[in-house]
Amino acid sequence: MQITPLPPAVSDRIRAATAVPTFSRALEELVFNSLDAGATEIVASVNVQALSLSVRDNGRGMDRLALSVVGTSAATSKIRSLEELRGGVHTFGFRGEALHALSTVALVEIVSRCVDPPAAPSLVTVLQHGQRTQPGPAAEARAPGTTVSVRNMFSNRAVARKRHQRPS
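For what it's worth, the UniProt record's numbering labels the leading residue of the sequence shown as 1, then goes sequentially.
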């Protein structure tokens with residue numbers, strides 16, 4: 001299913017009270033996204049002092065269209081309606097809030113390559129403070145899947161950054 005924004009009538013009803021309030025929750029949400037993308041291998045790198053992390057997977061990957069909307073509030077590939085929720089959610093995430101919330105407190109770089117077609121290019125987009133770059137060619141080719149790198153988490157929120165950093 002393609003990533004698309006949920007209609008306001010749906011997103012308003014399912015919005016979480018808090019999305020990605022902590023460094024550890026950010027890591028958890030990114031791993032959940034990898035699992036929901038069908039990944040069988042997930043590699044996470046964490047730099048607690050710098051409040052940066054990266055999650056790389058071998059899931060389905062995202063095409064240019066998906067990369068142009070991923071990280072938009074309530075953009076998800078997992079549900080389209082409240083009726084789908086009544087039937088039960090069979091994914092870890094479904095609200096489409098995690099990457100959007102992360103992009104409000106960090107620089108988020110997403111590099112992805114689709115499984116299909118086999119010759120699909122590696123693409124990159126960057127999200128930060130509600131802004132995004134248009135998806136374009138990645139500096140390096142990668143195998144199918146996605147890498148999400150989060151840098152300088154809470155750089156615009158001094159109190160939250162101090163609370164999450166470990167003393168040197």
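For every residue, glycine included, the Cβ atom is placed at its ideal position computed from N, Cα and C. Because the structure is a prediction, the values reported are computed rather than measured.
Sequence-distant residues of the same chain with beta carbon closer than 6 Å to residue i, five excluded per side
i: I3; result: A66, V69, V70, A75, S77
C-alpha gap between residue i and residue j, whole angstroms
i: E140; j: L123; result: 9 Å
i: L23; j: N58; result: Checking the displayed sequence, the identity of residue 23 turns out to be Phe instead of Leu. When rounded, the distance between both Cα atoms is 23 Å.
i: R151; j: S54; result: 8 Å
i: P117; j: S73; result: 28 Å
i: P121; j: R60; result: 13 Å
i: A44; j: T147; result: 9 Å
i: V126; j: M153; result: 14 Å
i: L30; j: T40; result: 14 Å
i: S155; j: S149; result: 15 Å
7 Å CB neighbourhood of residue i in its chain, flanking five on each side removed
i: R64; result: L123, P135
i: P144; result: N58, G61, R113, C114, V115
Option nearest residue i by Cα separation, candidates the options
i: G38; options: S149, F92, Q128; result: F92
Cβ shell of residue i (< 8 Å), same chain only, five flanking positions each side left out
i: G130; result: S103, T104
i: L27; result: A44, V46, L53, V55
i: T18; result: In this prediction, T18 scores a pLDDT of 48, lower than 50, which makes its location untrustworthy; the coordinate-derived value is nonetheless stated afterwards. Taken in chain order, the list of residues that qualify is empty.
Item to complete: Answer yes if the stretch 110-127 comes into contact with the stretch 43-55, meaning at least three C-beta pairs across the two stretches below 8 Å, and no otherwise.
Response: no
Worksheet item: Are the stretch 133-146 and the stretch 96-106 touching by the rule of at least three beta carbon pairs closer than 8 Å?
Response: no
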